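Remarks on the structure that follows.
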Amino acid sequence: MTVTVTGTGDAPATPLVPEPPRVETRTVIATPPPAPPPAPVPPIEPAASIDLAKEARIRGRAVFDGRIPRRRRIDTWRATGATVYDESEVVHRENRGIRSVFVYVREVEGTFEVPREVVELSFCDFRIGPHVVGARAGQGVAVTNLHPETQNLHALPKRSKEMNITMRPGQRDVLRFESAEVMVPLRCDIHPWERAYVGVLDHPYFSVTDDNGAFELPAIGPGEYVLLAWHEVYGTLERRVLVAERTDSVEFIFVRR
Numbered sequence: 041m042t043v044t045v046t047g048t049g050d051a052p053a054t055p056l057v058p059e060p061p062r063v064e065t066r067t068v069i070a071t072p073p074p075a076p077p078p079a080p081v082p083p084i085e086p087a088a089s090i091d092l093a094k095e096a097r098i099r100g101r102a103v104f105d106g107r108i109p110r111r112r113r114i115d116t117w118r119a120t121g122a123t124v125y126d127e128s129e130v131v132h133r134e135n136r137g138i139r140s141v142f143v144y145v146r147e148v149e150g151t152f153e154v155p156r157e158v159v160e161l162s163f164c165d166f167r168i169g170p171h172v173v174g175a176r177a178g179q180g181v182a183v184t185n186l187h188p189e190t191q192n193l194h195a196l197p198k199r200s201k202e203m204n205i206t207m208r209p210g211q212r213d214v215l216r217f218e219s220a221e222v223m224v225p226l227r228c229d230i231h232p233w234e235r236a237y238v239g240v241l242d243h244p245y246f247s248v249t250d251d252n253g254a255f256e257l258p259a260i261g262p263g264e265y266v267l268l269a270w271h272e273v274y275g276t277l278e279r280r281v282l283v284a285e286r287t288d289s290v291e292f293i294f295v296r297r
């Protein structure tokens, strides 16, 4: 804490003419009072063994097996004057990694605090992005219209309340899905190709694959878990994962259905 203190300096010993007091400004850093003497130190007990599994992380990749699909260009030129590409199938042409796969643990025991931070999406370049996100049940999911024209936000959950909002340019709305559900579709009824998906869970153990198909879940305790990977086109795959002292990489191999 910074405190400003004003004081009066010393005047001459025998002034011939009275002088006005001189004002001096000082900055004083407040210090806490002396700490009390330390309490007696109890005897040191042997350290408990540390289970590395409590810091283990489930990581891996989602890859495509087969002829790599080309990204489809959506015919929107007459409606928008822009070139828009389909977001449903994005496969890396070199390492076969699949983007936008939602990976999550099916069931986890315990109660977890809902984050105060919101998950951010936006209407931009005639699409809703990111295309796939994860959120906690009850967590805010904010959508902002960055387009210079009106958009429509239509959320279609099956276990929460449906929402249908007209969004002016610059408008931002925060949605909350109260029940866990994989996945909740978001779409624009004005531009039907604008779609996104929200995976809503009651625990934090989920991730979305990046451009290389890679994912990593938060640190999780030891045990056997059922890990699922959802993709908009390729469906859902399931793996059983045993978390012990470490977790090897998990690979999900998708094929076109």
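Those letters in the sequence shown? Residues 41 to 297, per the working numbering, in order. Just so you know, even glycine gets a beta-carbon here, dropped at the ideal spot from N, CA and C. All of these numbers come straight from a predicted model, not from anything done at the bench.
- Each residue's CA atom was taken as its position, placing residue 100 and residue 267 some 11 Å apart.
- In the DSSP assignment, residue 144 is bridged to 246 and 268.
- Here the C-alpha atom of residue 152 lies approximately 10 Å from the C-alpha atom of residue 177.
- Scanning 135, 113 and 124 for the CA closest to the CA of residue 103 turns up 135.
- Fully contained in the stretch 184-245 is no alpha helix (DSSP H) run of length 4 or more.
- Residue 290: member of the beta strand (DSSP E) spanning 290-294, first to last residue.
- As DSSP reads the structure, residue 125 sits in a beta bridge with 113.
- The stretch 235-249 makes contact with the stretch 210-226; the number of CB pairs closer than 8 Å reaches 3 or more.
- In this structure, the alpha-carbon of residue 279 lies about 28 Å from that of residue 111.
- Between residue 272 and residue 128 the beta-carbon gap is near 5 Å, inside 8 Å, which marks them as a contact.
- The way I'd put it, the stretch 247-267 doesn't touch the stretch 186-203; fewer than three beta-carbon pairs between them come closer than 8 Å.
- Put simply, of 171, 262 and 144 the residue whose alpha carbon is nearest the alpha carbon of residue 125 is 171.
- In the three-state reduction of the DSSP assignment, residue 151 falls in the coil class.
- The beta carbon of residue 198 sits closer than 7 Å to the beta carbons of 221 from its chain, once the five residues preceding and following it are set aside; these are given in chain order.
- When only Cα atoms are considered, residue 201 and residue 130 end up about 30 Å apart.
- Close CB contacts of residue 292 within its chain, under the 8 Å cut and outside five residues either way in sequence, are with 100, 101, 102, 103, 141, 143, 269, 277 and 279 (chain order).
- Between the alpha carbons of residue 194 and residue 204 lies a gap of roughly 4 Å.
- Contact between residue 97 and residue 256 holds: CB atoms are separated by about 6 Å, below the 8 Å threshold.
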